[in-house]
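Asker:
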Amino acid sequence: MSDTATSSPLHPLTGIVTELLERHFGLIGTLRLCDSGSRNCFLIGSSGHPPYIARLFEEAEIRSGTGLQTAVLLHLNAAGPELPVPKLIKTLSGASFAEGTHEGRSVALSVTMCNAGRPYTKIAADSEVRYNLGTCLGAINRALVSFPIGRHSNEIIWDIRKAGCSREHMSTMADASDRMIAGQLLDFYDLEVAPRLPHLHQSVLHSGVKDWNATVIEDGSAIANLSDFGDAIYGPRMVDLAGAMAYAMMNERSPMMAACDVLKGYHAVAPLDEDEIACLFPMIAIRLCFSLAMTAVSSANIENTSRQLLSQEDPRGLLKQCARIKPEVATALFRRAIDLPASPGFPAFNDWLSRSKGTLLPSFRMSPVNYTKHVLPLDGSDPDLSFASSDTDHARAEAYWRGYMREHAFEMGIGLWHERRNIYRGEMFRSILLDDMFRDLHLGIDIFLDALEPLYVPFSGVVVDHGYGPEPLDYGGVILLRHAPEPGVEFYSLWGHLDPDSISGWNVGDEVAAGTLFARLGDRPVNGGWLPHLHFQLSTIRYDKATEMPGVGEAPLAELWAELYPDPAEVLLLPPETFQSAGSPKA
61 MSDTATSSPL HPLTGIVTEL LERHFGLIGT LRLCDSGSRN CFLIGSSGHP PYIARLFEEA
121 EIRSGTGLQT AVLLHLNAAG PELPVPKLIK TLSGASFAEG THEGRSVALS VTMCNAGRPY
181 TKIAADSEVR YNLGTCLGAI NRALVSFPIG RHSNEIIWDI RKAGCSREHM STMADASDRM
241 IAGQLLDFYD LEVAPRLPHL HQSVLHSGVK DWNATVIEDG SAIANLSDFG DAIYGPRMVD
301 LAGAMAYAMM NERSPMMAAC DVLKGYHAVA PLDEDEIACL FPMIAIRLCF SLAMTAVSSA
361 NIENTSRQLL SQEDPRGLLK QCARIKPEVA TALFRRAIDL PASPGFPAFN DWLSRSKGTL
421 LPSFRMSPVN YTKHVLPLDG SDPDLSFASS DTDHARAEAY WRGYMREHAF EMGIGLWHER
481 RNIYRGEMFR SILLDDMFRD LHLGIDIFLD ALEPLYVPFS GVVVDHGYGP EPLDYGGVIL
541 LRHAPEPGVE FYSLWGHLDP DSISGWNVGD EVAAGTLFAR LGDRPVNGGW LPHLHFQLST
601 IRYDKATEMP GVGEAPLAEL WAELYPDPAE VLLLPPETFQ SAGSPKA
């Protein structure tokens, strides 16, 4: 198994590595420090066989590094010989690693054989490659379920379960906004994720998918190798998946979609449960926090941090992007990716609504059935109407609106749910989920009536939040209610563009009985500058602040939004025939 060549003297440990390779493995070849960034890891340049990788463990690393990594590789080689992981090469005497001394200190050398491939970091990964990364990791995690942890253990500082370590290094982050974002994400993790950790599926994990240790075969159709188990730990398998998803998101124009590709592949071979899915996005964010903290530590010239980086790329931009995504929305996107209901509460809400027809009370002075109604084309097909809806010249807008109402002979104007509107083109509407997209899909229903028209709650609820957005095109007066009409059913309703004085008497926690007159429509000076109308929206996911609920979303994600923010037409008692034509008569 030998190959004659000269060894490179450029690394101070080349001599001892060459000696141990020849004496204990019968291998002679040119050594080159691996590009992985792993300390003391060498590629053995020999012909006629796949690449050999030699890793030297120094005295302080021998117990943890050789013991667990060797045991894991032996287990994987036996349990899943088809798995794309390094094949452990034993010494001439049958040992799993060779021992020796260097400058008076003990060292150990392990040798593995890897499949040839290109580093993941050097390819333009597409959906197929990311899916294959997920299936590879899922298959490895499944094989490791039967690994007997026994006396083996490993401690690494970037173990997600030790999120507090990021707090310790936050002071090294030069940017105050970085420190604030990291602190907020860590607070959320401590509150929502840490209590779940003991209940998640546990096994030995690779825990280190990052630059260079994942390689892809030349045609990109499969993962060639997932190497370097030196960071293996025992913990929730979500640590592995979250790390791989975070890595796949780096430098992607639509990072959440890239994460979904990895998730689909993993779930196909190692299905996730509800708790795991709920923890996934916060774990991704925490992995990015760790990488950002370690980047800061590395910049401060603190040693031994390179292996803790997710990637050599700066994670700051991606972390800031993730911080803008509501965790429940990210989780819903992940759920849809693996063919689960986007919102766990949507099926129960839908069932309740179908059983409650005929019992809901009208939200207006009379049932919408008794109004003459007109569906307003706010999609840009009538530019004059779209302009008037938000015209800053209130008198001109009012004159146009009254003329429009007379021309079309209606009392109640209706702006459609899931209508695409070209007025949403400012930077505030740019998508953070999809590249080069704007959020222009309307997620509620607009009801146009006169200012100060009374509004009644159709079913009992509790005030979650209320306030006033004074900026142009904001909500003006707005109130958020939580509803729990029966056990197992909970949803939220948002009422926007209200007269702020009409809701000033409500306090958070107040109960609002069905049929209560609880608000009035606001006029232009106090409703965000719009023609008087109600923006009514439902949500099957939790919100604590009214202003956090998005009023528009990305059109390609319409099916996702339909579960998170269901069609409110039935709740508002709008009959189906309302939407059959633009000029709907009384129903």
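Per the numbering used here, residue 61 is the first one in the sequence shown, and the count goes up by one each step. Where a beta carbon is used, it is the ideal one built from N, C-alpha and C, also for glycine.
Is the region 378-397 touching the region 563-578 in the sense that three or more CB pairs, one from each, lie closer than 8 Å?
Answerer: As far as the Cβ criterion goes, the region 563-578 does not touch the region 378-397, which means the pair count is below three.
Asker: Are the CB atoms of valine 167 and alanine 114 within a distance shorter than 7 Å?
Answerer: Cβ atoms of alanine 114 and valine 167: not closer than 7 Å.
Asker: Look at glutamate 142 and alanine 402 and say whether their C-beta atoms are less than 7 Å apart.
Answerer: Going by C-beta atoms, glutamate 142 is not nearer than 7 Å to alanine 402.
Asker: So, using beta-carbon positions, are glutamine 129 and glycine 303 closer together than 7 Å?
Answerer: Contact flag unset, no.
Asker: Is glycine 536 helix, strand or coil when you go by DSSP?
Answerer: Of the three classes helix, strand and coil, the one that applies to glycine 536 here is strand, per DSSP.
Asker: The alpha helix (DSSP H) with aspartate 235 in it runs from where to where?
Answerer: Counting along the chain, aspartate 235 falls outside any alpha helix (DSSP H), and DSSP gives it neither H nor E.
Asker: In the DSSP assignment, find the unbroken beta strand (DSSP E) run with glutamate 159 in it and report its ends.
Answerer: Counting along the chain, the beta strand (DSSP E) containing glutamate 159 begins and ends at 158-162.
Asker: For arginine 485, I'd like the list of residues in its chain whose CB is within less than 7 Å of its CB, leaving aside the five on either flank, ordered along the chain.
Answerer: Within the same chain, arginine 485 has close Cβ partners Phe498.
Asker: Leaving out five residues before and five after serine 281 in sequence, what residues of the same chain have Cβ atoms less than 6 Å from its Cβ?
Answerer: Same-chain partners within the cutoff: there are none.
Asker: Once you ignore the five residues that flank histidine 259 on each side, which residues in its own chain have a CB closer than 8 Å to its CB?
Answerer: Counting only Cβ-Cβ distances below 8 Å, and skipping sequence neighbours, we find Asp335.
Asker: Are the beta-carbon atoms belonging to proline 342 and valine 253 less than 7 Å from one another?
Answerer: Yes, Cβ-Cβ distance for proline 342 and valine 253 is below 7 Å.
Asker: Going along the chain, which unbroken runs of the beta strand (DSSP E) with 3 or more residues stay wholly within the region 559-629?
Answerer: DSSP runs (the beta strand (DSSP E)) wholly in the region 559-629: 577-580 and 593-599.
Asker: For proline 514, which of helix, strand or coil comes out of DSSP?
Answerer: The answer is strand: DSSP assigns proline 514 an E or B state.
Asker: Within this structure, are the beta carbons of valine 523 and tryptophan 566 separated by less than 7 Å?
Answerer: In this structure, tryptophan 566 lies closer than 7 Å to valine 523 by Cβ.
Asker: Residues in the same chain with beta-carbon distance under 6 Å from arginine 584, minus the five sequence neighbours each way, listed in chain order, please.
Answerer: Hits under 6 Å: His454.
Asker: Could you give the residue range of the alpha helix (DSSP H) that holds glutamine 381?
Answerer: Run containing glutamine 381: 376-383, per the alpha helix (DSSP H) assignment.
Asker: Which first and last residues belong to the beta strand (DSSP E) in which proline 296 is found?
Answerer: Note, proline 296: beta strand (DSSP E), 293-296.
Asker: Any idea if glutamine 640 is buried or exposed, counting beta-carbon neighbours within 10 angstroms, 16 or more meaning buried?
Answerer: Burial call: exposed.
Asker: Between which two residues does the beta strand (DSSP E) containing isoleucine 398 stretch?
Answerer: Per DSSP, isoleucine 398 belongs to no beta strand (DSSP E) and is neither H nor E.
Asker: So, with DSSP's three-state summary, where would you put threonine 419?
Answerer: The answer is coil: DSSP assigns threonine 419 none of H, G, I, E or B.
Asker: Going by the DSSP bridge assignment, what does aspartate 506 pair with across the sheet?
Answerer: Looking at the DSSP assignment, aspartate 506 forms a beta bridge with Gly475 and His595.
Asker: Using 10 angstroms around the beta-carbon of glycine 377, count the other beta-carbons present and answer buried if the total reaches 16, otherwise exposed.
Answerer: Label assigned to glycine 377: exposed.
Asker: With a CB to CB cut of under 8 Å and the five nearest residues on each side skipped, what residues in its chain are close to aspartate 496?
Answerer: So the qualifying residues of the chain are Arg313.
Asker: Anyone know if the C-beta pair for serine 446 and isoleucine 474 falls short of 7 Å?
Answerer: Not closer than 7 Å, so no.
Asker: Quick one: measure Cβ to Cβ for alanine 457 and leucine 594, integer angstroms, because I've assumed they're closer than 8 Å.
Answerer: 17 Å between Cβ atoms; not a contact.
Asker: Shortest alpha-carbon distance to tyrosine 326 belongs to which of Arg202, Ile539 and Pro111?
Answerer: That would be Arg202, whose Cα lies nearest to the Cα of tyrosine 326.
Asker: Determine the direct distance from the alpha carbon of arginine 580 to that of tyrosine 516, and round the result to whole angstroms.
Answerer: Straight-line Cα distance between these residues: approximately 9 Å.
Asker: When the distance is taken between beta carbons, is lysine 417 closer than 7 Å to aspartate 525?
Answerer: No.
Asker: Find out if the Cβ-Cβ distance for the pair aspartate 506, arginine 480 is shorter than 7 Å.
Answerer: It is not a contact, given that the beta carbons lie outside the stated cut-off.
Asker: If you run the structure through DSSP and keep just helix, strand and coil, what is asparagine 430?
Answerer: Here asparagine 430 sits in helix by DSSP.
Asker: Between which two residues does the beta strand (DSSP E) containing glycine 521 stretch?
Answerer: Run containing glycine 521: 521-529, per the beta strand (DSSP E) assignment.
Asker: If you follow the beta strand (DSSP E) that isoleucine 113 is part of, which residue opens it and which one closes it?
Answerer: 112-118 is the span of the beta strand (DSSP E), which, as asked, contains isoleucine 113.
Asker: When you compare each of Pro547, Arg178 and Asp534 to proline 610 by their alpha carbons, which one comes out closest?
Answerer: Minimum Cα distance to proline 610 is reached at Asp534.
Asker: Excluding sequence positions up to five away, which residues of its chain have a Cβ less than 6 Å from the Cβ of asparagine 364?
Answerer: Reliability fails at asparagine 364, whose pLDDT of 46 lies under 50, so the model's placement of it is uncertain and the value that follows must be treated cautiously. Nothing meets the Cβ criterion.
Asker: Could you check what DSSP says for methionine 310 in three-state terms: helix, strand or coil?
Answerer: In this structure, methionine 310 counts as coil in the three-state DSSP scheme.
Asker: Counting Cβ pairs closer than 8 Å, one from the region 266-278 and one from the region 408-422, do we hit at least three?
Answerer: In short, these stretches do not touch, since the Cβ pair count stays below three.
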